[in-house]
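Take any residue in the sequence shown, count from 1 to its spot, add 12: that is its number in this note's numbering. For every residue, glycine included, the Cβ atom is placed at its ideal position computed from N, Cα and C. Given the structure is predicted, the values throughout are model-derived calculations rather than measurements.
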Amino acid sequence: MPLKDKLISKLDPMRKEVKSIIKEHGNKLLSDVVVSQAYGGMRGVKCMVCETSELDPEEGIRFRGFSIPECCEKLPKAPGGVQPLPEGIFHLLLTGDLPTEDDVKEITEEWRKRSAVPDYVLKGIDALPPDLHPMTQFSIGILLLQKESIFVEKYQGGISKYDLWDPMYEDVMTLLARLPRIAAYIYRRAYHDNKQIDPDPKLDWGANFAHMMGVKNPQYKELMRLYLVLHCDHEGGNVSAHTTHLVGSAFSDAFYSLSAGMNGLAGPLHGLANQEVLRWIMQLKEKLGGGVPTKEQEKACWDTLNGGQVIPGYGHAVLRKTDPRYVAQREFCLKYLPDDELFKVVSLLYDVVPPILVKQGKAKNPWPNVDAHSGVIQVYYGVDEYDFYTVLFGVSRALGVLSGLVWDRALGLSLERPKSLTTKRIKSMVADLKPKA
Ligand code: NMX
Ligand code: MLT
13 MPLKDKLISK LDPMRKEVKS IIKEHGNKLL SDVVVSQAYG GMRGVKCMVC ETSELDPEEG
73 IRFRGFSIPE CCEKLPKAPG GVQPLPEGIF HLLLTGDLPT EDDVKEITEE WRKRSAVPDY
133 VLKGIDALPP DLHPMTQFSI GILLLQKESI FVEKYQGGIS KYDLWDPMYE DVMTLLARLP
193 RIAAYIYRRA YHDNKQIDPD PKLDWGANFA HMMGVKNPQY KELMRLYLVL HCDHEGGNVS
253 AHTTHLVGSA FSDAFYSLSA GMNGLAGPLH GLANQEVLRW IMQLKEKLGG GVPTKEQEKA
313 CWDTLNGGQV IPGYGHAVLR KTDPRYVAQR EFCLKYLPDD ELFKVVSLLY DVVPPILVKQ
373 GKAKNPWPNV DAHSGVIQVY YGVDEYDFYT VLFGVSRALG VLSGLVWDRA LGLSLERPKS
433 LTTKRIKSMV ADLKPKA
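This is the structure:
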C-alpha cells in the first residue's frame, strides 16, 4: 500500500483511541510538578504526547517500540549494504509499521521526485557569508523553502483543522526530499570552494547525501545511512523535537517549525555538542603533542570542570546509562576503523570521564551520549570540519520531528501554552503547598 494510504488507514483508529482516552481518563493525574521542576527545565514532568519514540532512562530510545539493535536488524538495507536505510526508519516513525523493501523503494523514489531545490533557495544561501555557521545557513535554507508551503496555501483556502495533516504530510515529504541537497550545498560552499556535486538519482537518500558531500570512500555511504537512522528521534521533550512541536502547535508550517527546531539543535548543550566534542578532543591532542597518557586526559577533564564548563558528549537529561546510539557507533568503529587513533582516544575517554564525573558529584548521568562518538568517525572519512557536524544531526532529526508534526495535526493537538508563574507568585504560594510524597 502506498505510504500516504497506509498513513490514512492509521488515522481514524488512532483518533478514536485518543478521543476515548481523553473522554474516559482525561482528568487523571499523569505527573505532579514540584517547585524545583518549574525552575529546573521541567525535567521528568509528563505533560506532552509524542507517538514516534519513547526514551527509557536505563535502556535508551525505542522507535515505535523497536530498540536500536532491533531497528538495525529489521530495517531494509541497500543492495550489498548492512546498515539500515533512513527511508525505513521514516516509514516506521510515520506509520508505526516496519517497512518492506518495496516500501523503502517507494520513499526513495518519492523523495527523488521532490528533491529539486528551487534556484532562489540556493541563491539565498549564496548571499550568506560562507563562514556563517553552517547551522545558521541550514536554518535559513529551510526557511527559504517555506515559500512553497502547501499547508499555508490550504490553510488560507479554508480547510478543516482535522484535514491539516494532509498538506502537512505533503510539505514534510518535500522538505525531507530537499534537506540533503541543502546541507551538502552548504558543506561544499563552506569548505570545498563551492564546487557543487550534482545529485545521483540512482542512490538512496542517505547515500546521495554522502555523494553530494563529495566523500569518495563507499563505506561513508553506509556510515551515513546508520548515522541518519541513529539521530532521527529521541521522544518529544528534547529541545529540537519540543521546539518543532511547539512552533507547529500555532499552525506554523513544517518549514517554520523545523527551522525553529534546528535553532534549538544548534545549542552546545544539545546537538552542537557533537562539534564541541571534536574541538575538545583536538585541543587535548594538541596539548599532548601526540601521546595520550591517561593522567593527562584526567587533568584535561578536571581543567574543563574547574573552569565551570561541561565535558561535551557526557551526561544526559533523561538517560542514566551509556547511550545505545554511542554503543552502535562504537560497534561501527570496531568493525571499520578499530585502529584509528582518534577512536582510541574516544575509547580511552570512555574509561576516564565517567569516574571523574562521579567524583565531581554533579552530573546525574556520567556516561557518554550520542555526540561523544559521532565526530571521530566523520574525521576518519575526511569530514574534519566540525562546525558542520550538527547539520548532519539536523538532517536526521528532521525524520522524527517531521513525522511527529504530521501526527500532531492528525490528532488535532492543541496550541501549546503552559502556565508560567513569577517568583513573587511562587513565594506567595509555597506556604500552602504540600511537599511531594
Ligand atoms: N560535564 C560537566 N558537568 C555536567 C555534565 C558534563 N558532561 N553533565 C551534567 N553536568 C552538571 C550540570 O551542568 C549540572 O551542573 P549545575 O548543578 O552546576 O547546574 C549538574 O551536573 C546536574 O546536571 P544533570 O541534571 O545531570 O543534567 P541536565 O539534565 O541538567 O543536563 C545535559 C543534561 C546533556 C545538558 C548535560 O549533561 C550536559 O551539559 N552535557 C554536556 C553537553 C552534551 O553532551 N550535550 C549533548 C546531549 C545529547 N544531545 O545530543 O542533545
Ligand atoms: C537528543 O537526541 O535529542 C538528545 O539526546 C537530547 C535529549 O534527548 O534530551
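Legend entry - Boundaries of the beta strand (DSSP E) in which S65 is found, first to last residue: Sequence index remark: in the sequence shown, residue 65 carries index 53 (1-based). For S65, the enclosing beta strand (DSSP E) starts and ends at S65 to D68.
Inset, instruction - Just grab the DSSP bridge partners of G72 for me. - result: As a position in the sequence shown, residue 72 is number 60, starting the count at 1. Paired residue(s): D68.
Legend entry - CB-CB length for A1 against W123, believed under 8 Å: An answer regarding residue 1 cannot be provided, because it is not within the stretch 13 to 449 covered by the chain.
Inset, instruction - Flag this pair as yes or no: are the beta carbons of P88 and E113 separated by less than 8 Å? - result: On the sequence shown, position 76 is the one that residue 88 refers to. On the sequence shown, position 101 is the one that residue 113 refers to. It is a contact, given that the beta carbons lie within the stated cut-off.
Inset, instruction - Classify Y326 as helix, strand or coil using the three-state DSSP reduction. - result: Counting from one through the sequence shown, the residue named residue 326 turns up at place 314. It is a strand residue.
Legend entry - Candidates D178, Y326 and D315: closest to A266 by CA position: For this step, residue 266 is matched to residue 254 along the sequence shown. Here the closest residue by C-alpha is D178.
Inset, instruction - Assign K173 to one of three DSSP states: helix, strand, or coil. - result: Stepping through the sequence shown from its first residue, residue 173 is reached at position 161. Three-state result, K173: helix.
Legend entry - Heavy atom of the ligand NMX within 7 Å of N381 beta-carbon: By one-based count along the sequence shown, residue 381 stands at place 369. True, at least one ligand heavy atom lies under 7 Å from that Cβ.
Legend entry - Residue environment, Y232, which counts as buried when at least 16 other CB atoms sit within 10 Å: Your numbering for residue 232 matches position 220 in the sequence shown. Y232 is buried by the Cβ-count criterion.
Inset, instruction - Decide yes or no for the touch test of the stretch 408–428 against the stretch 244–264: beta carbon pairs closer than 8 Å, at least 3 of them. - result: Pairwise C-beta distances place the stretch 408–428 in contact with the stretch 244–264, as three or more of them are shorter than 8 Å.
Legend entry - Selected residue, minimal CA-CA separation from W264, among V330, K311 and Y167: One-based indexing of the sequence shown puts residue 264 at position 252. Residue identity check: residue 264 is Ser in the sequence provided, not Trp. Checked all of V330, K311 and Y167; the closest Cα to S264 is Y167.
Legend entry - Beta carbon shell of the ligand MLT at less than 5 Å from a heavy atom: H246, N250 and A329
Legend entry - Check whether P380 and Y338 have beta carbons under 8 Å apart: For the purposes of this step, residue 380 is identified with residue 368 of the sequence shown, where counting begins at 1. For the purposes of this step, residue 338 is identified with residue 326 of the sequence shown, where counting begins at 1. Going by C-beta atoms, P380 is nearer than 8 Å to Y338.
Legend entry - Spatial distance of W217 from L140 (CA atoms): Within the sequence shown, numbered from 1, the residue matching residue 217 stands at position 205. Within the sequence shown, numbered from 1, the residue matching residue 140 stands at position 128. Going by the C-alpha atoms only, they are around 26 Å apart.
Legend entry - S48 to P447 span [Cα, whole Å]: Position 36 of the sequence shown, counted from the start, is the residue given in the question as residue 48. Position 435 of the sequence shown, counted from the start, is the residue given in the question as residue 447. Their backbone Cα atoms lie some 11 Å apart in a straight line.
Inset, instruction - Taking N250 as the reference, give the member of N39, G416 and L445 with the closest Cα. - result: Taking the first residue of the sequence shown as position 1, residue 250 is located at position 238. For the residues N39, G416 and L445, the minimum Cα distance to N250 belongs to G416.
Legend entry - Classification of M236 by the beta-carbon crowding that lies within 10 angstroms, buried from 16 upward: Counting from 1 along the sequence shown, the entry for residue 236 is found at position 224. Buried.
Legend entry - Minimum C-alpha distance to S426 - residue among L106, I194, A196 and K173: As a working mapping, residue 426 is identified with position 414 in the sequence shown. For S426, the nearest C-alpha among the options comes from K173.
Legend entry - Under 8 Å between C-beta atoms of V289 and D352: By 1-based counting over the sequence shown, the position of residue 289 is 277. By 1-based counting over the sequence shown, the position of residue 352 is 340. Going by C-beta atoms, V289 is not nearer than 8 Å to D352.
Legend entry - C-alpha gap between D44 and V413, whole angstroms: Residue mapping note: residue 44 aligns to position 32 of the sequence shown, counting from 1. Residue mapping note: residue 413 aligns to position 401 of the sequence shown, counting from 1. So the two alpha carbons sit approximately 27 Å from each other.
Legend entry - CA nearest to the CA of Y132, picked from K117, V116 and K159: Numbered from its first residue, the sequence shown carries residue 132 at position 120. For Y132, the nearest C-alpha among the options comes from K159.
Inset, instruction - Measure the C-alpha to C-alpha separation of L284 and T402 and round it to an integer number of angstroms. - result: Translated into positions along the sequence shown, residue 284 becomes position 272. Translated into positions along the sequence shown, residue 402 becomes position 390. Straight through space, the alpha carbons of T402 and L284 are spaced by roughly 5 Å.
Inset, instruction - Sort out for me which residues DSSP pairs S440 with in a bridge. - result: To locate residue 440, count along the sequence shown from 1; it is residue 428. DSSP output for S440 lists no bridge partner at all.
Inset, instruction - From the DSSP output, in three-state form, read off F263 for me. - result: Numbered from 1 along the sequence shown, position 251 holds the residue referred to as residue 263. Coil, per DSSP.
Legend entry - Residue from H282, E66 and I368 whose Cα sits closest to the Cα of L317: Working through the sequence shown from its first residue, we reach residue 317 at position 305. When only C-alpha atoms are compared, the closest one is I368.
Legend entry - Beta-carbon proximity check, L270 vs A128, cutoff 8 Å: Locating residue 270 in the sequence shown gives position 258, counting from the first residue. Locating residue 128 in the sequence shown gives position 116, counting from the first residue. L270 is not a Cβ neighbour of A128, given a cutoff of 8 Å.
Inset, instruction - Locate the alpha helix (DSSP H) running through C345, then write down its first and last residues. - result: Along the sequence shown, read from residue 1 onward, the residue named residue 345 stands at position 333. Unbroken alpha helix (DSSP H) run through C345: P336 to Y348.
Legend entry - Helix, strand or coil at P111 [DSSP, three-state]: Counted from its first residue, the sequence shown places residue 111 at position 99. Coil at P111, not helix or strand.
Inset, instruction - Please confirm whether any heavy atom of the ligand NMX lies closer than 7 Å to the CB of H145. - result: As a first step, residue 145 must be located in the sequence shown, where it is residue number 133. Because no heavy atom of the ligand NMX lies under 7 Å away, the Cβ of H145 does not count as near it: no.
Inset, instruction - Alpha carbon to alpha carbon, how far is I152 from I209? Give it in angstroms, no decimals. - result: As a working note, residue 209 is residue 197 in the sequence shown. As a working note, residue 152 is residue 140 in the sequence shown. In a straight line, the C-alpha of I209 is about 21 Å away from that of I152.
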